[in-house]
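Written below as structure tokens is the structure these notes are about.
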Amino acid sequence: MTTTISNSILTAEIKHTGAELCSLKDNLNKEYIWNGNPEFWGKHSPVLFPIVGTLKNNTYQYNNADYHLSRHGFAREMEFELIAKQENSVTFSLAATPKTKEKYPFDFDLHLVYTLENKTLQIEYKVFNNGESKMPFSIGAHPAFNLPNDFENYSLAFEKENSLKYYLLEDGLISNTTNEASLDKNELHLNYGLFANDALVLKNCSSKSVTILENSKPFLKVSFSDFPDLGIWTPPNAPFICIEPWFGYSDTVDKSGALLDKEGIQVLDADETFHAAFSIEIL
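Residue numbers (the numbering used here): 469 to 751.
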């Protein structure tokens, strides 16, 4: 099941499963979101919650107990409830259940709000801690953007970076090894070799926007001033690029396993609310 919102310029379609953006088209019917062809990657733009990336052995410890969570958490696979709808805006909700508490023992409510304004889609995350104890979590975005022409015709323009320092992954975990990609006037020219070792992970990214260029012409901008971390990813030979604003990332290879000690983790006090947003602007 999906819900559609629109304005005079853009139309967005969101699946109720995962509250996942699955289409963003302009009024010329140009599609900007990856179609989810499983030959490359069967998703479009999943929400990552209550973890981002991979846990060591898919396991963490909390209050002297072991819990198991698969990569990127469970929210992306669950049915969200539609709780508000206007022509250009929609809000979805996911609340804790006995089943989620087997994997993540916290009373949460997660809201995703999609709003179209002119040529921009804003995506808001709201996390409510309805419990009586502190709630550790990570949250992140994973939108995949269509690149219909040759991959090497595209580049990413960073707001601030002069060179790109990123962490390498080792079996899905953050290694202690970094690499550096040279930029051409703040632009990273794309090639599949960049992603031979999985995603590029940028901790505490100083840039708060990334613009996709096709043959040096900007056509889409992702702005993420609320988010500290960033992932960039594509699988081999895929015709899309993921630009992923994150709060947190995979476990490090020398991780202890305690959730409250996890690098990049957010901790929300009882009865408190977390809020963050990012935007996708068509240029």
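Ideal placement from N, C-alpha and C gives every residue a C-beta, glycine not left out. Computed from a prediction, not measured in an experiment: that's the story for all the values here.
6 Å CB neighbourhood of residue 549 in its chain, flanking five on each side removed: Exclusion of the five residues before and after residue 549 leaves 561 as the residues of its chain whose Cβ lies within less than 6 Å of its Cβ.
Check whether residue 631 and residue 651 have beta carbons under 7 Å apart: Cβ atoms of residue 631 and residue 651: closer than 7 Å.
Presumed contact (8 Å Cβ cut-off) between residue 742 and residue 751, rounded CB distance: With a Cβ gap of about 30 Å, residue 742 and residue 751 do not count as contacting.
Opposing strand residues paired with residue 699 [DSSP bridges]: Its beta-bridge partners are 669, 712.
Inter-residue Cα distance where the pair is residue 518 and residue 692: Straight-line Cα distance between these residues: approximately 19 Å.
Sub-7 Å separation of residue 502 and residue 612 beta-carbons: Yes.
Secondary structure of residue 580, DSSP reduced to three states: Residue 580 sits in a strand when the DSSP states are folded into three classes.
DSSP state of residue 552 mapped onto helix, strand, coil: It is a strand residue.
Neighbourhood of residue 504 by C-beta, 8 Å cutoff - its chain only, sequence neighbours within 5 removed: Excluding sequence neighbours, residue 504 sits near 490, 510, 511, 512.
For residue 636, three-class secondary structure by DSSP: When DSSP states are grouped into helix, strand and coil, residue 636 belongs to the strand group.
Residue 575 beta carbon less than 7 Å from that of residue 556: No. Outside cutoff.
Presumed contact (8 Å Cβ cut-off) between residue 486 and residue 515, rounded CB distance: Confirmed, Cβ separation roughly 6 Å.
Counted within 10 angstroms of its Cβ, other Cβ atoms place residue 546 as buried (16 or more) or exposed: Looking at its Cβ environment, which holds 16 or more other Cβ atoms inside 10 Å, residue 546 is buried.
For residue 600 and residue 658, believed in contact at Cβ under 8 Å, the rounded distance: The distance from the Cβ of residue 658 to that of residue 600 is about 47 Å, inconsistent with a contact at the 8 Å cut-off.
Reduced DSSP secondary structure (H/G/I, E/B, other) of residue 522: The three-state secondary structure of residue 522, taken from DSSP, is coil.
Local conformation of residue 738 per DSSP, three classes: Correct three-state label for residue 738: coil.
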